[in-house]
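Engineer:
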Amino acid sequence: MELLAVLEERGMVYQKTGTGGLGKFLEDRPRVFYAGFDATAESLHLGHLVPLMTAAHMQRAGHRPLILVGGATALVGDPSFRNTERPLLSQDDVERYAEALRTQMTRFLDFGPGGAVLLNNARWLMDLNYIDFLLHVGRHFSVNRMLTVDSVKARLETGLSFLEFNYMLLQSFDFLHLYRTWNCELQLGGADQWGNIVAGTDLVRRVEGAEVYGITCPLVTTSTGEKMSKSQPGGAVWLDPKLTSPYRYYQFWINSDDRDLGKFLRLYTFLPMDTIRELESDTGAGLRRGKEILALEATAIAHGRKEAEAARDASRALFLGEGGLEGVPSFEVSGDRVGRGMTLVDLFVESGLCPSRGEVRRLAEQGGLYTDGKRVTDPGEPVTLESLAGDGLILRAGKKRHCRAVLAAD
RNA sequence: GGCGAGGUUCCCGAGUGGCUAAAGGGGGCAGACUGUAAAUCUGUUGGCGAACGCCUACGGUGGUUCGAAUCCACCCCUCGCCA
C-alpha cells in the first residue's frame, strides 16, 4: 500500500499540496522531509503527537526526517491563530528545550546514522542581512496575498505586529534553506501551519524552480471538543516522564471517550488497520478492551514497553484489584517527618495529590479521600509509621488520582 | 500624536464607598449513577487555621477616607476611530 494512502487511511493528512503528484513523489525514492517544532517549552505534549507519528510512519517507509527546532523563529513568534505574542526566550532556553525535545523524539524517530537529524534554524537565521533578505526573499512575497492567509486574517482583528507578520517569510526561508542544503522536498506540520507551508513551497518554486510539497496533519480534538494539547483534566499531558508519569500518561488514554477510540488507535498507535477495525467494532463496555490496548501501545511508544506494562499493571491493580502495585507512582516519607507529627492532611499535600490543605479537607467532606481503599472521615488523623511500613499506604484523591506513600529507605 | 472605550479571581463577565473572597456563566474538582466512557443530577471551587479569625487578590504607584475593586492624581498596557 502506498505511504500516502496509509497516512490518509489513518486520518493523519489534513491538507496536502500538489494535484496528485504527492503520492508518486513519496513512492519514487527516499526523500528528505522536515517538520518544525518551536522550542517554547521544555517538553512536547499530546498536541505534537500527530506530526510526530506521521514523521515516524514516513521514516519507516524509508524517508529521512529533519527535525527543525525554531531557535530563531521562536523569538519572533508564530502568529498563526494565536491571539497573543509570545514571551521572549533566551538562546539558552531554546537550546535547553531543543535538547529535551530531541530526547523525547528518539522514542518516535531513529536519530542514528542516516536517520533523523535535529537542526536549529538559529544557525542560518540569526545572521541574515536585512537588505539581502528583502532583496532575495521579501521580493517574492505579496503583502496582498499574505493578508488573505487564514492565520493572518484571524489576527487582523486583534492586531498583529510587523514582527509576527514576518514569521511566514522566515519559515519559508527555512524551507528554501533546507532544500538547498539537504535537498529537503517536503514539509510536514500541524493544520495551523498550512499558510506557512504553502508560502514555503511557493518560495522554493520561485527561487529554485523546483516542485516541493507540503502536508498538514489535522488538529485533533476529543469528542467533547477539547484540544489534545491543553486543558486536559488535571492539566496538560506531557511526553516528559518527569512532568507526566508513564502511569498518568497511560491513564489519559484509557480514560478516553468511547467515540474517540478508533480515531486514537489510528493516530497514536502503529497497530495494523485490521486490528483497529476489530477493536473499534466492539460496543458498550467491550470498548474497554480496545482502550487498554490503545493505552498500552501509546504509552509503549512514548515511554517504552516496560514502563507501559508497569503502568498497565498498576492500573489493573488499582481499578480491578488484580496484581501488584509496583507501577503506582510512589512518594517517600521520612520516618523523621512522621516522628515530628504528621496528619493525613499533611500526607496528601506533601504527596502532591492535593495542592492545598483546604483542598484535602474539601475532598474529605465530599467523601473523595481514601487510604488503602477506605474512605477517610477525619483528615486530621495522625499518620503512623506502621501504616507506611511494607508496601506503604495507597492514597487516593477522587476516583482516579492515586499515589503510594512509602517510608524512605534509610 | 489627538479623541473615545477598557484593564476584576483559571477564562468570560457583573459590580461604582462598608452587607464583596467579589453576582452569573464557562471550565475544574468531588459525590450519585456507570464501564476508570458519555449524558444527567447534586455539591464544591484563593491561602493558613479545629474555630472567633488572619493573610493575599480587582493593571501599577501614590493619595482622600474610620473604611476603596469602587473616589482623586500620575504612570503602564490593550482595543477602536482619526492623523
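If you want this note's numbering, it's the position in the first sequence, counting the first as 1, plus 15. We put the CB at the ideal spot given by N, CA and C, even for glycine.
#1: Can the beta-carbon of Gly224 be found closer than 9 Å to that of Val213?
#2: Judging by CA-CA distance, which residue of Glu293, Tyr145 and Leu116 is the nearest neighbour of Leu276?
#3: Going by beta-carbon coordinates alone, are Val391 and Leu403 separated by less than 9 Å?
#4: Rounded to the nearest angstrom, what separates Asn270 and Lys414 at their Cα positions?
#5: I'd like to know whether the C-beta atoms of Leu178 and Val91 end up nearer to each other than 9 Å.
#6: What do you reckon, are the CB atoms on Gly26 and Arg352 nearer than 9 Å?
#7: Quick one: Cα of Ser246 to Cα of Asp147, how far?
#8: Please report how far the alpha carbon of Glu307 lies from the alpha carbon of Thr314, in whole angstroms.
#9: For my contact list, Phe190 and Gln208 are in at a C-beta cut-off of 8 Å; report their separation, rounded to the angstrom.
#10: Determine whether the beta carbon atoms of Tyr385 and Cys199 lie at a separation below 9 Å.
#11: So who's on the other strand from Pro397, going by DSSP bridges?
#12: Whether or not the stretch 106-115 and the stretch 129-137 are in contact is what I'm after, with contact meaning three or more pairs of Cβ atoms, one per stretch, closer than 8 Å; do they touch?
#13: When you compare only the Cα positions, how much space is there between Asp53 and Met183?
#14: Starting from His60, follow its DSSP beta bridges and name the residues at the other end.
#15: Quick check: what's the CA-CA separation for Thr55 versus Leu254?
#16: Look at the Cβ atom of Glu333, then the Cβ atom of Val348, and state whether they are nearer than 9 Å.
#17: Straight-line CA distance for Ala423 to Leu309?
#18: Would you call Glu322 buried or exposed, if buried means 16 or more other Cβ atoms sit within 10 Å of its Cβ?
#19: Just to confirm, are Ala412 and Leu359 a CB contact at a threshold of 9 Å?
#20: For the candidate residues Phe346, Glu324 and Thr284, whose alpha-carbon lies nearest to that of Gly339?
#21: What are the partner residues of Ala420, as DSSP defines its beta bridges?
#22: Could you give the distance in angstroms between the alpha-carbon of Ser296 and the alpha-carbon of Arg372?
#23: Looking at Val252 and His417, is the spacing between their C-beta atoms short of 9 Å?
#24: Taking the alpha-carbon of Glu396 as reference, which of Cys369, Leu362 and Arg419 has the nearest alpha-carbon?
#25: For Thr290, name the three-state secondary structure that DSSP assigns.
#26: How many angstroms separate the CA atom of Gln119 from the CA atom of Gly77?
#27: Compute the beta-carbon to beta-carbon distance between Leu124 and Pro80, rounded to the nearest angstrom, for a pair I have assumed lies under 8 Å.
#28: Buried or exposed for Gly407, please, with buried defined as at least 16 other CB atoms from any protein chain shown within 10 angstroms of its CB.
#29: Would you give the residue range spanned by the alpha helix (DSSP H) that Val158 belongs to?
#30: How many Å lie between Asn106 and Leu193 at the Cα?
#31: Could you round the C-beta distance between Glu42 and Glu24 to whole angstroms and report it? I think they count as a contact, below 8 Å.
#32: Please list the terminal residues of the continuous beta strand (DSSP E) segment that includes Phe48.
#33: Buried or exposed: which applies to Glu337, given that a residue is buried once 16 or more other Cβ atoms fall within 10 Å of its Cβ?
#34: Under the rule that 16 or more other beta-carbon atoms within 10 Å means buried, what is Ala87, buried or exposed?
#35: At which residue ranges does the stretch 183-229 contain complete alpha helix (DSSP H) runs of 4 or more residues, listed in the order of the chain?
Structural biologist: For this structure:
#1: Sequence index remark: in the first sequence, residue 224 carries index 209 (1-based). Sequence index remark: in the first sequence, residue 213 carries index 198 (1-based). No, the pair does not count as a contact, with Cβ atoms beyond the cut-off.
#2: The residue you call residue 276 lines up with position 261 of the first sequence. Closest option to Leu276, Cα to Cα, is Glu293.
#3: On the first sequence, residue 391 is found 376 positions in, with the first residue counted as 1. On the first sequence, residue 403 is found 388 positions in, with the first residue counted as 1. Not closer than 9 Å, so no.
#4: Walking along the first sequence from the start, residue 270 turns up at place 255. Walking along the first sequence from the start, residue 414 turns up at place 399. When rounded, the distance between both Cα atoms is 12 Å.
#5: As a first step, residue 178 must be located in the first sequence, where it is residue number 163. As a first step, residue 91 must be located in the first sequence, where it is residue number 76. Cβ atoms of Leu178 and Val91: closer than 9 Å.
#6: As a first step, residue 26 must be located in the first sequence, where it is residue number 11. As a first step, residue 352 must be located in the first sequence, where it is residue number 337. Contact: no.
#7: As a first step, residue 246 is located in the first sequence; it is residue number 231 there, counting from the start. As a first step, residue 147 is located in the first sequence; it is residue number 132 there, counting from the start. The predicted model places Ser246 with a pLDDT of 49, which falls under 50 and marks its position as unreliable; any figure quoted below should be read in that light. Looking at the two C-alpha atoms, the distance is approximately 43 Å.
#8: The count along the first sequence starts at 1 and reaches residue 307 at position 292. The count along the first sequence starts at 1 and reaches residue 314 at position 299. Those two C-alpha atoms are separated by around 10 Å.
#9: Numbered from 1 along the first sequence, position 175 holds the residue referred to as residue 190. Numbered from 1 along the first sequence, position 193 holds the residue referred to as residue 208. Actually they are not in contact, since the Cβ atoms of Phe190 and Gln208 sit about 11 Å apart, beyond 8 Å.
#10: Within the first sequence, residue 385 is the residue found at index 370, counting from 1. Within the first sequence, residue 199 is the residue found at index 184, counting from 1. No. Outside cutoff.
#11: Residue 397 sits at position 382 when you count from the first residue of the first sequence. Partner(s): Thr358.
#12: yes
#13: Here residue 53 refers to the residue found at position 38 when the first sequence is read from its first residue. Here residue 183 refers to the residue found at position 168 when the first sequence is read from its first residue. Distance between the alpha carbons of Asp53 and Met183 is about 14 Å.
#14: On the first sequence, position 45 is the one that residue 60 refers to. Looking at the DSSP assignment, His60 forms a beta bridge with Trp253.
#15: The sequence position of residue 55 within the first sequence is 40, counting from 1. The sequence position of residue 254 within the first sequence is 239, counting from 1. Their backbone Cα atoms lie some 14 Å apart in a straight line.
#16: Within the first sequence, residue 333 is the residue found at index 318, counting from 1. Within the first sequence, residue 348 is the residue found at index 333, counting from 1. Checking the sequence shown, residue 333 turns out to be Leu, not Glu. Not in contact: Leu333 and Val348 (Cβ atoms no closer than 9 Å).
#17: Within the first sequence, the letter at position 408 stands for residue 423. Within the first sequence, the letter at position 294 stands for residue 309. For Ala423 and Leu309, the distance between alpha carbons rounds to 35 Å.
#18: Along the first sequence, read from residue 1 onward, the residue named residue 322 stands at position 307. Its Cβ being crowded by 16 or more others within 10 Å, Glu322 is buried.
#19: The residue labelled residue 412 in the question sits at position 397 within the first sequence. The residue labelled residue 359 in the question sits at position 344 within the first sequence. No, Cβ-Cβ distance for Ala412 and Leu359 is not below 9 Å.
#20: Locating residue 339 in the first sequence gives position 324, counting from the first residue. Answer by Cα proximity: Glu324.
#21: Taking the first sequence and counting its residues from 1, one reaches residue 420 at position 405. Looking at the DSSP assignment, Ala420 forms a beta bridge with Phe346 and Leu408.
#22: Along the first sequence, read from residue 1 onward, the residue named residue 296 stands at position 281. Along the first sequence, read from residue 1 onward, the residue named residue 372 stands at position 357. So the alpha carbons of these two residues sit roughly 45 Å apart.
#23: The count along the first sequence starts at 1 and reaches residue 417 at position 402. The count along the first sequence starts at 1 and reaches residue 252 at position 237. Cβ atoms of His417 and Val252: not closer than 9 Å.
#24: Position 381 of the first sequence, counting from 1, holds the residue named residue 396. For Glu396, the nearest C-alpha among the options comes from Leu362.
#25: Within the first sequence, the letter at position 275 stands for residue 290. Looking at Thr290 - three-state DSSP - the assignment turns out to be helix.
#26: In the first sequence, counting from the first residue as 1, residue 119 sits at position 104. In the first sequence, counting from the first residue as 1, residue 77 sits at position 62. Distance between the alpha carbons of Gln119 and Gly77 is about 21 Å.
#27: For the purposes of this step, residue 124 is identified with residue 109 of the first sequence, where counting begins at 1. For the purposes of this step, residue 80 is identified with residue 65 of the first sequence, where counting begins at 1. 6 Å between Cβ atoms; contact.
#28: As a first step, residue 407 is located in the first sequence; it is residue number 392 there, counting from the start. Burial call: buried.
#29: The count along the first sequence starts at 1 and reaches residue 158 at position 143. That run of the alpha helix (DSSP H) goes Val158 to Met161.
#30: Here residue 106 refers to the residue found at position 91 when the first sequence is read from its first residue. Here residue 193 refers to the residue found at position 178 when the first sequence is read from its first residue. Checking the displayed sequence, the identity of residue 106 turns out to be Gln instead of Asn. So the alpha carbons of these two residues sit roughly 21 Å apart.
#31: Taking the first residue of the first sequence as 1, we reach residue 42 at position 27. Taking the first residue of the first sequence as 1, we reach residue 24 at position 9. Not a contact, Cβ separation roughly 16 Å.
#32: By one-based count along the first sequence, residue 48 stands at place 33. Here the beta strand (DSSP E) through Phe48 covers Val47 to Phe52.
#33: Taking the first residue of the first sequence as 1, we reach residue 337 at position 322. Flag for Glu337 reads exposed.
#34: Against the first sequence, residue 87 aligns to sequence position 72. Ala87 comes out buried.
#35: 209-223
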